[in-house]
Structures are given as structure tokens and as C-alpha cells.
Amino acid sequence: MTSATQQLVYVVDDDPAMLDSTVWLLESVGLAAVPFTSGREFLEHCDPSRNACVLLDVRMPGMGGLNVQEELRQREIDLPLIFVSGHADVPIVVRAFKAGAADFIEKPYNEQLLLDSVQQALNRAGSRQRQGAGQARVLERLESLTPREKDVLLPLVQGYTNREIAEQLGVSIKTIDLYRSRVMKRMQAEHLPELVGMAIAAGLVDPLQLR
Numbered sequence: 001m002t003s004a005t006q007q008l009v010y011v012v013d014d015d016p017a018m019l020d021s022t023v024w025l026l027e028s029v030g031l032a033a034v035p036f037t038s039g040r041e042f043l044e045h046c047d048p049s050r051n052a053c054v055l056l057d058v059r060m061p062g063m064g065g066l067n068v069q070e071e072l073r074q075r076e077i078d079l080p081l082i083f084v085s086g087h088a089d090v091p092i093v094v095r096a097f098k099a100g101a102a103d104f105i106e107k108p109y110n111e112q113l114l115l116d117s118v119q120q121a122l123n124r125a126g127s128r129q130r131q132g133a134g135q136a137r138v139l140e141r142l143e144s145l146t147p148r149e150k151d152v153l154l155p156l157v158q159g160y161t162n163r164e165i166a167e168q169l170g171v172s173i174k175t176i177d178l179y180r181s182r183v184m185k186r187m188q189a190e191h192l193p194e195l196v197g198m199a200i201a202a203g204l205v206d207p208l209q210l211r
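Mapping to full-length UniProt numbering: the sequence shown position 34 is 34, numbers consecutive.
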């Protein structure tokens, strides 16, 4: 049984011997591994909220690895995929990478190469997970702002001065100073660059269109 925060590797391969040896290798270095013998079975049980990556065989009966990759994309499940194949012809490799594969490893694989690739993919997954949690917190803080505070926030992160914002909103600079202070406090931003970063993360502003 794995905890929700533990790093996890889904291993999908229709060859039972290869599946067992891969799971054993991953568990020997302390990683949790969950085996599946078909792409469909994996899709039914994968948890998109986990800090996980997928070791995926390209050629399997019924549903091959590239089809699994496409199905994950349609479901908007963004788990790093490492393809493993004994038949890695160029068009398949190109197609896998174009669709966002993290790596493509040929069988029989070098054990250390596989472990390094898995660790890089898990690090990437963890980074995405932390980024998603951080973005959720920023959105919560944005929701806590009053309509007037939101009116001040947008031009503030776009690079307008307090004087310019005061002119836009038809209020005094002193009033903008007050609202600016409240916005910083509610958003839990220590300084203006941090506030700008939050606004970009939340999709409020395009970094290419800042002043």
C-alpha cells in the first residue's frame, strides 16, 4: 500500500517476466511500483493526482503505448511517460516525443539508465504537482479581494505607477497607496515582483505584454 505523497511508478507491459523484473528493479531502490499487463487496465486505475510517472511498453495487444498516451492526453492527465520498446523504429520514437514523452528507452535496457530516467520523470511530476498546489492558493487569495482591490491589482502588476492608477480610477494617490497595501497583504506578497509572479501564474497577465 502506497501513501498519497509517495512517489509512484506505473509499469505497463504485457510481458509478465519483463513486468516482474522492472517492478523488482524499481522496488530495490525504494520506489513504489504498480504493475499492469494492459493499457486499458492501467487507464482504469491510474490516479492523476499522484506524484507518478509511467513506464509504458510501445507494442501491446489491444491497446499499444501510443494509444494509451493519446487517451491520457484526451483525459487531460499529465503524467510523465517513459516509453520502453524492443522495436523502436524512428517514426514511433518521433511520434512519442512529439506527443510529449519524457524519454524512450530500448529493450533490453540498461538498469541505471532506466532508473535515472524514472527519477528525472518523478522530479518533473513533483514539480508540476507543487506548481498546481501553489496556483490553487493564489487563486484562493484572488477570490478574497474586493472588487476595488481587483481594480488596483491589475494595473499594479501591469507596471503602472500609483499616480497613473489613481488617474485611471479617479481617486487620490493616497487611496491607491491604501489599496495597494491591502492587496499585498491579502495576496501574501512580500514585494511587487512576487505579486507580479502570482498574477502571471494565475493567468491574469501575459508576461510578454507587461510594461
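All residues carry an ideal CB built from backbone N, CA and C; glycine is no exception.
Legend entry - C-alpha gap between P80 and I92, whole angstroms: As a working note, residue 80 is residue 80 in the sequence shown. As a working note, residue 92 is residue 92 in the sequence shown. Roughly 17 Å between the two C-alpha positions.
Legend entry - Cβ-Cβ distance between E71 and L43 below 7 Å: Taking the sequence shown and counting its residues from 1, the one referred to as residue 71 is at position 71. Taking the sequence shown and counting its residues from 1, the one referred to as residue 43 is at position 43. Contact: yes.
Inset, instruction - Using only alpha-carbon positions, find the residue among S85, G100 and F104 that is nearest to E76. - result: Walking along the sequence shown from the start, residue 76 turns up at place 76. Closest by alpha carbon: G100.
Inset, instruction - Under 6 Å Cβ to Cβ from A199, same chain only, skipping five residues before and after it: list those, please. - result: For the purposes of this step, residue 199 is taken as the residue at position 199 of the sequence shown. V157 and V205, listed in sequence order.
Inset, instruction - Over the uninterrupted alpha helix (DSSP H) stretch that includes I165, give me the two end residues. - result: For the purposes of this step, residue 165 is identified with residue 165 of the sequence shown, where counting begins at 1. Note, I165: alpha helix (DSSP H), N162 to L169.
Inset, instruction - Would you mind giving the Cβ-Cβ distance between L55 and V9, rounded to the nearest angstrom? I have them listed as a contact below 8 Å. - result: Position 55 of the sequence shown, counted from the start, is the residue given in the question as residue 55. Position 9 of the sequence shown, counted from the start, is the residue given in the question as residue 9. Contact flag correct, Cβ pair sits at about 6 Å.
Legend entry - Proximity of V138 and A201 at Cβ, strictly below 7 Å: Taking the first residue of the sequence shown as 1, we reach residue 138 at position 138. Taking the first residue of the sequence shown as 1, we reach residue 201 at position 201. Cβ distance < 7 Å, so V138 and A201 count as in contact.
Inset, instruction - Let me know the secondary structure DSSP gives L142 once reduced to three states. - result: For the purposes of this step, residue 142 is taken as residue 142 along the sequence shown, with counting starting at 1. It is helical.
Legend entry - Close Cβ partners of V152 (< 8 Å) along its chain, the five nearest in sequence each way excluded: What you label residue 152 is simply residue 152 of the sequence shown in a count that begins at 1. So the list reads I165, L169, I176, Y179, R180 and V183, once near-sequence residues are dropped.
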